[in-house]
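Beneath this line is the structure, given in structure tokens, with notes to follow.
Numbering (our numbering), first residue to last: 4 to 136.
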């Protein structure tokens, strides 16, 4: 047998020179009014707040310039592939949704004029509110 097998497990605490690793519960102040309010909140209400936060994040994504650029690229790719009215209609509806929401207090850059003109050539109907020409 080797000498390693005869050694036991060391159960001494780490030396005091090692820093204490902060845990999640070390950061919680149990007297914080916000923490107390969240802790006492009913599960249904907490779920409603979580859904509101998720919707807020989705709205931020939909109104981001990066999403707008990706949407424009998708529309242009669909148009290059040929006449796929279903796919283009779905993309146009997404664009309409984003444009409509940009008038409700949110600012988002408009779709490019070339994309809008191309969609108009495919007999899509645009309301005046969605055209940012």
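Glycine included, C-beta positions come from ideal geometry on N, C-alpha and C.
C-beta atoms of residue i and residue j nearer than 8 Å
{"i": "residue 81", "j": "residue 91", "result": "yes"}
{"i": "residue 101", "j": "residue 65", "result": "yes"}
Sequence-distant residues of the same chain with beta carbon closer than 6 Å to residue i, five excluded per side
{"i": "residue 110", "result": "In this predicted model, residue 110 has a pLDDT of only 49, less than 50, meaning its place in the structure is not dependable enough to derive any value."}
Cutoff 7 Å; reference residue i; Cβ partners in own chain excluding five residues on either side
{"i": "residue 31", "result": "38"}
Checklist entry - Which full runs of the beta strand (DSSP E) of 3+ residues lie inside the segment 41-84, going along the chain? => result Along the length of the segment 41-84, whole beta strand (DSSP E) runs at least 3 residues long do not occur.
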